[in-house]
Amino acid sequence: MIHWIYHKINSVIRRLEIMKVVVAIDSFKGSLTSIEAGMAAKEGILKAHPDANVVVKPLADGGEGTTDALIAGLGGERIDLTVTGPLGTPVNAHYGYLAEKNTAILEMATAAGIILVRESEKKSTYCNHLRCR
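Here the sequence shown is numbered in the working numbering, starting from 177 and rising by one per residue.
What follows is the structure in structure tokens.
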């Protein structure tokens, strides 16, 4: 995946005169976070243009990775906890906390996302709720 990103970005960048590049890439579900994908792109850009000023910013579409992107962008804190998952079993999850705004960022994908369910279990209609204490 990282090599694919590198080659795509590198082929475009070679044709441009660049002073500053802002890289904002959504996560690649199950493989790269937004920051990891951005850093891979930055590496490719700098190989093509070592003098470029490359800034990596997190990006998310509201699904997986949204909490981490907002924490990184707004200077929040990640709080890890154990919650009841989509099948009623304990799963590790997290939420973000923005102290200056006294605001919590909840991402249901970490507690009830489809990534937590094996293929053979995806037909369940079991309901779930997230508990934060």
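Glycine residues also receive a C-beta, built at the ideal position from the N, C-alpha and C atoms.
These numbers come from a predicted model, not from an experiment.
Within 8 Å, strictly: CB atoms of residue i and residue j
i, j, result
"P234", "D227", "no"
"V199", "A217", "yes"
"L257", "I281", "no"
"V232", "I211", "yes"
"A285", "G239", "yes"
"A288", "G261", "yes"
C-alpha gap between residue i and residue j, whole angstroms
i, j, result
"H283", "G272", "The sequence given here has Glu at residue 283, not His. Near 9 Å, if we compare the C-alpha coordinates of G272 and E283."
"L187", "V267", "Per the sequence presented here, residue 187 reads as Ser, with Leu not at that position. If you take the alpha carbons of S187 and V267, they lie about 41 Å apart."
"V219", "H183", "According to the sequence provided, residue 219 is Glu. The question's Val does not apply to it. C-alpha separation (whole angstroms): 11 Å."
"I181", "A213", "8 Å"
"L222", "A236", "24 Å"
"G249", "E295", "34 Å"
"T279", "V259", "19 Å"
"L311", "H179", "Residue 311 lies beyond the residue range present for the chain, which begins at 177 and ends at 309; the question has no answer from this structure."
"T209", "S203", "4 Å"
"E276", "A224", "40 Å"
"G206", "N229", "29 Å"
"I255", "I201", "24 Å"
Beta-bridge pairing of residue i - partner residues as DSSP gives them
i, result
"R254", "G272"
"V333", "The shown model of the chain, from 177 to 309, leaves out residue 333, and the question about it has no answer."
"L246", "BP columns for L246 are empty, so no partner."
"V188", "Note: V188 sits in no beta bridge, so no partner."
"L208", "F204"
Secondary structure of residue i, DSSP reduced to three states
i, result
"K196", "strand"
"I281", "strand"
"T260", "strand"
"L235", "coil"
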